[in-house]
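Q: Position one of the sequence shown corresponds to residue 740 (the working numbering), numbered consecutively onward.
We put the beta carbon where it would ideally sit given N, CA and C, even for glycine.
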Amino acid sequence: MTGLLAGKNAVVTGGGRGIGRAIATALAEQGANVLLTYRGSQAAAEAVATELSAAHGVKVLATQCDVRDSAEVDRLFETAKEALGAVHVLVNNAGITADTLVMRMSEEAWDDVVTTNLRGTFLASKVAVRGMLRERWGRIINISSVVGVTGNAGQANYAAAKAGIIGFTRSLAQEVATRGITVNAIAPGFVLTDMTSGLTDEQKAAILGRIPMARWGEASEIAAVVAFLASDAASYITGQVINVDGGLVTA
Ligand code: NAP
């Protein structure tokens, strides 16, 4: 197998649809074996796995894992070890939103969003890094959001979780920097997926009006940066947040 990631094994959380699906695709295209996870979308995730293994001649498997649950995350990495061997690349992509203004936000909406996005990233990274330390090589790539950088009215829970991911990324990067492991975050702008399909036409027009490139991002444009960060070509990049947003955030 040729490609930037030939011989590498990757875990992608939430890889059955949306941006996670594009990430699993980009990694497989570059020669990585991939274990992608789903919480509810079993059929979609298994279809992606079958399609990618056939198209790229690598092992791609799907397994259920709720990233909020440490026992399930432990089991995920046991499955990865049995099916693929050492995990070299972890992409923490699984995420949810539950948008509303703070004054109307339930504790449940806060907890669900923070637990899935932030705790899930912590739990998977904690297990992955143990194996990466043994390998003396690893790549952790966390999917944050522009909203974690700028904030967004109606998304305080999501913005707090995504900003938390940035602080987590920078901290873990420093903890493992001498061990051949890099930890970076990507802050995507707006990409049309199930997550954003509920926006009204008015909201979509307002978002579009703020994007210098005047278009939505493609999931493949996020995935291409993940594949680069996962490769040896990105060996001196760690603790960074890469905005992939059509110029939306320029600071
Ligand atoms: P999506 O289409 O709604 O997909 C979300 C994915 O997360 C699904 O694969 C889902 O799995 C998985 N997931 C949700 N809760 C989970 C849990 N508890 N355990 C395990 N997996 C879980 O969203 P997307 O737009 O592709 O977003 C992917 C990532 O990009 C998220 O972290 C999101 O915050 C981030 N992001 C998206 C945008 C955007 O504009 N779309 C912008 C910035 C950042 P199931 O299908 O099995 O439920």
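Assuming contact is defined by CB atoms lying nearer than 9 Å, are VAL965 and ALA767 in contact in what I supplied?
A: It is not a contact, given that the beta carbons lie outside the stated cut-off.
Q: What residues are listed by DSSP as bridge partners for LEU800?
A: According to DSSP, LEU800 bridges with LEU774.
Q: Is SER864 near the ligand NAP, going by C-beta to nearest heavy atom under 8 Å?
A: Checking the Cβ of SER864 against the ligand NAP gives no.
Q: Leaving out five residues on either side along the sequence, give the residues of the same chain with a beta carbon under 7 Å from the beta carbon of ARG875.
A: So the list reads ARG918, GLY919, once near-sequence residues are dropped.
Q: Look at the Cβ atom of ALA969, then the Cβ atom of ALA801, and state whether they are nearer than 9 Å.
A: No, Cβ-Cβ distance for ALA969 and ALA801 is not below 9 Å.
Q: Go through its chain and collect everything with a Cβ distance to LEU872's Cβ below 8 Å, but skip five positions before and after it.
A: Contacts found: VAL915, ARG918, ILE920.
Q: Below 8 Å on the Cβ atoms is my guess for GLY928 versus GLY893; work out the distance and round it to an integer in Å.
A: With a Cβ gap of about 17 Å, GLY928 and GLY893 do not count as contacting.
Q: What are the boundary residues of the alpha helix (DSSP H) that includes VAL915?
A: Start and end: 895-915.
Q: Work out the CA separation of LEU774 and VAL787 for me, nearest whole Å.
A: When rounded, the distance between both Cα atoms is 11 Å.
Q: With a threshold of 8 Å (Cβ to nearest heavy atom), would LYS820 be considered close to the ligand NAP?
A: LYS820: no, Cβ never under 8 Å from the ligand NAP.
Q: For ALA926, tell me which candidate among VAL980, ALA761, LYS865 has the shortest Cα-Cα distance.
A: For the residues VAL980, ALA761, LYS865, the minimum Cα distance to ALA926 belongs to VAL980.
Q: Can you tell me whether THR741 is buried or exposed, with buried defined as 16 or more other CB within 10 angstroms of its CB?
A: Label assigned to THR741: exposed.
Q: Could you tell me which of VAL983, ASN748, ARG778, ALA822 sits nearest to ASP808, measuring between CA atoms?
A: The shortest Cα separation from ASP808 among VAL983, ASN748, ARG778, ALA822 belongs to ARG778.
Q: Using only the alpha-carbon positions, how far apart do VAL806 and ASN881 sit?
A: Whole-angstrom Cα-Cα distance: 13 Å.
Q: Any chance the region 788-799 sits against the region 839-858, with 3 or more Cβ pairs inside 8 Å?
A: No contact exists between the region 788-799 and the region 839-858.
Q: Should VAL980 be counted as a contact of the ligand NAP given a C-beta to heavy atom distance under 8 Å?
A: Checking every heavy atom of the ligand NAP against the Cβ of VAL980, none is found closer than 8 Å.
Q: Which residue comes first and which comes last in the alpha helix (DSSP H) that contains ILE976?
A: That residue, ILE976, is in no alpha helix (DSSP H); it is neither H nor E in DSSP.
Q: Confirm the yes/no value for this check: CB of ASP933, any heavy atom of the ligand ZN, distance under 8 Å.
A: Among the ligands modelled here, namely the ligand NAP, the ligand ZN does not occur.
Q: Taking only three categories from DSSP, how would you classify THR921?
A: If DSSP states are grouped into helix, strand and coil, THR921 belongs with the strands.
Q: What would DSSP say about LEU829, mapped onto helix, strand or coil?
A: In the structure shown, LEU829 sits in a strand (DSSP, three-state: E or B).
Q: So what does DSSP say about VAL787, is it helix, strand or coil?
A: The answer is helix: DSSP assigns VAL787 an H, G or I state.
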